[in-house]
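**Q** Handing you a structure now.
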Amino acid sequence: MSIKYCCSILFFMIGILGYGQENQDNAGDFQFGVRLNQNINLPQYEEGFGIGVQAKVNVLDNLNIEIYSNIETLDLGNVGNLKQNEFGFSAVVPFLNHKLSPFIFLGANYSNIKVTPVSYLFSNRESESIALNSFGLHAGIGAQYNLNDRLSIALSYRFLYRFDQPIYEVQSSDFGLYLNTAVLPNTEIESKDPMYLQFSLNYRIMKLWN
Amino acid sequence: MLLLLPSQLFAQSEEDYDLNVGLYYSAGFLTEQTQTSNAHLSVGFLKNKIEGSLDLFYFLNAQGERERFNFNHQLFLGANYYFMVNKIKPYVGVQVGLASSESSEYGVFNTNNELVYESSINPLTSFNFGVKYAVSERFNITFSGRQIFGKHLANSYSTYLDELRFSFGINYSIINKTTP
Numbered sequence: 001m002s003i004k005y006c007c008s009i010l011f012f013m014i015g016i017l018g019y020g021q022e023n024q025d026n027a028g029d030f031q032f033g034v035r036l037n038q039n040i041n042l043p044q045y046e047e048g049f050g051i052g053v054q055a056k057v058n059v060l061d062n063l064n065i066e067i068y069s070n071i072e073t074l075d076l077g078n079v080g081n082l083k084q085n086e087f088g089f090s091a092v093v094p095f096l097n098h099k100l101s102p103f104i105f106l107g108a109n110y111s112n113i114k115v116t117p118v119s120y121l122f123s124n125r126e127s128e129s130i131a132l133n134s135f136g137l138h139a140g141i142g143a144q145y146n147l148n149d150r151l152s153i154a155l156s157y158r159f160l161y162r163f164d165q166p167i168y169e170v171q172s173s174d175f176g177l178y179l180n181t182a183v184l185p186n187t188e189i190e191s192k193d194p195m196y197l198q199f200s201l202n203y204r205i206m207k208l209w210n
Numbered sequence: 211m212l213l214l215l216p217s218q219l220f221a222q223s224e225e226d227y228d229l230n231v232g233l234y235y236s237a238g239f240l241t242e243q244t245q246t247s248n249a250h251l252s253v254g255f256l257k258n259k260i261e262g263s264l265d266l267f268y269f270l271n272a273q274g275e276r277e278r279f280n281f282n283h284q285l286f287l288g289a290n291y292y293f294m295v296n297k298i299k300p301y302v303g304v305q306v307g308l309a310s311s312e313s314s315e316y317g318v319f320n321t322n323n324e325l326v327y328e329s330s331i332n333p334l335t336s337f338n339f340g341v342k343y344a345v346s347e348r349f350n351i352t353f354s355g356r357q358i359f360g361k362h363l364a365n366s367y368s369t370y371l372d373e374l375r376f377s378f379g380i381n382y383s384i385i386n387k388t389t390p
């Protein structure tokens, strides 16, 4: 998975954009959808992506509240893996209430993160797994396109700041990579804050109020 | 052209919608000359050429040089776009999903000296295409394909879940509201 992969999704959807009907988001709309997340700020040896679901309520014509749940897995250089379950909410402010609508969003999230070293046939490293509950804030920009009166797609960029990060280090030596999950707390480790490119599909299910 | 001529018999207007279920046999192709067999169940809600779709694949078996998994069941949710909703209904789509899988290659001995293969749940994406052919007002013969991307990550080495998969079967419209 890479940024190229996300771009291919975009190109795929561009091909069907011309067939949508003019439509606008209105207060009271309830939408449900799915999302694909690609962290574009990963170290070179890490790869993976996440998926999720979201529910969105248009509180006002120009303010939406979104709650979401993501599951993401990362392969840490084939010497370990990271699994993250994330729950959060965002306040989404669209600039234009048109068929193509740019937006900004701001929110908070909770993540349960587990880092597990790879075990080998006669070397079980399961006990070296570490887990962490982490709270964070996120913000981003994006654009939504209404394909018809029900379905919309959105592409967004999300910066996520976590108050706590799991402490682990993928160490490189002549023998290859090694995942160290017993790093001392004061050790300086280069960590990167996640930056997600996010593609989502939303389906307008019902109008909650007029 | 001959195939398309009777298409207006089953034409769908913007107010129409269709709730359908499908049951298919699915064959998957992996690298190293390995094939999988799956049972495939789908549920779709089609309106205005856009279909919200839920697909469940139940892993039956794998054969070939590298079978990889003891099981690899998958669930997808997403949308399909239909180029036309007539007697012939070609579509493309994109879905996200989850795989519940267990490696048959990379096990680890536990403290009781038993070889254990850990199962895990991992995210997937899928790019879909297909065509439905209406043999009656409610029944469609369906042929579809999808390219799946993902990675099985458990307690041992990772394994790609990438697979090209084809499904063939019958689709039935449970609720088919067409404007008279």
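So the sequences go chain by chain: A and B.
Numbering follows our numbering, with no gaps: position 17 of the first sequence is 17.
Numbering follows our numbering, with no gaps: position 179 of the second sequence is 389.
Beta carbons are placed, not taken as given, at the ideal position from N, Cα and C, and that holds for glycine.
All values derive from a computational prediction rather than experimental measurement.
(1) Could you give the residue range of the beta strand (DSSP E) that holds H250 (chain B)?
(2) Keeping to the same chain, check which residues put their C-beta closer than 6 Å to that of Y227 (chain B); ignore five residues upstream and five downstream.
(3) T116 (chain A) by DSSP, collapsed to three states: which one?
(4) Report yes or no: is there a C-beta of chain A within less than 7 Å of the C-beta of P300 (chain B)?
(5) Please name the residue, chosen from B:A344, B:A289 and B:N365, that lies closest to S152 (chain A) on a Cα-to-Cα basis.
(6) With a threshold of 6 Å on Cβ separation, who are the neighbours of S354 (chain B) within its own chain once the five nearest residues in sequence on each side are excluded?
(7) Look at the Cβ atom of V115 (chain A), then the Cβ atom of L82 (chain A), and state whether they are nearer than 7 Å.
(8) From S329 (chain B) to L270 (chain B), what distance separates their C-alpha atoms?
(9) Which residue spans inside the segment 337-386 of chain B form an unbroken beta strand (DSSP E) run of at least 3?
(10) At what residues does the beta strand (DSSP E) containing A237 (chain B) begin and finish?
(11) Span of the beta strand (DSSP E) holding Q273 (chain B)?
(12) Does the beta-carbon distance from N37 (chain A) to Q144 (chain A) come in below 7 Å?
(13) At which residues does the beta strand (DSSP E) containing Q38 (chain A) begin and terminate?
(14) Mind checking which residues open and close the beta strand (DSSP E) that includes T73 (chain A)?
(15) I want to see whether chain B comes within less than 7 Å of L76 (chain A), judged by CB atoms only; does it?
(16) Quick check on the DSSP output: what are the complete beta strand (DSSP E) runs of length 3 or more inside the segment 128-172 of chain A, in order along the chain?
(17) Specify, as a first and last residue, the run of the beta strand (DSSP E) that S310 (chain B) falls within.
(18) Given this structure, state the Cα-to-Cα distance separating E22 (chain A) from F286 (chain B), to the nearest angstrom.
(19) Of the residues A:Y196, A:E128, A:Y203 and A:I205, which one's Cα is nearest the Cα of G50 (chain A)?
(20) List, in order along the chain, the chain A residues whose C-beta lies closer than 7 Å to that of Y440 (chain B)?
(21) Applying a beta-carbon distance threshold of less than 7 Å, which residues of chain B neighbour E126 (chain A)?
**A** Taking the definition as stated:
(1) T244 to K257
(2) K257 and K387
(3) strand
(4) no
(5) B:A289
(6) G340 and S377
(7) yes
(8) 16 Å
(9) 349-362
(10) Y227 to L240
(11) I260 to G274
(12) no
(13) D29 to N39
(14) L63 to L76
(15) no
(16) 130-146 and 151-162
(17) I298 to S313
(18) Note that E22 (chain A) has pLDDT 49, beneath the 50 cutoff, so the model's placement of it is unreliable and no number is given.
(19) A:Y196
(20) Chain B is shown only over 211 to 390; residue 440 (chain B) falls outside these bounds and no answer can be derived.
(21) N365
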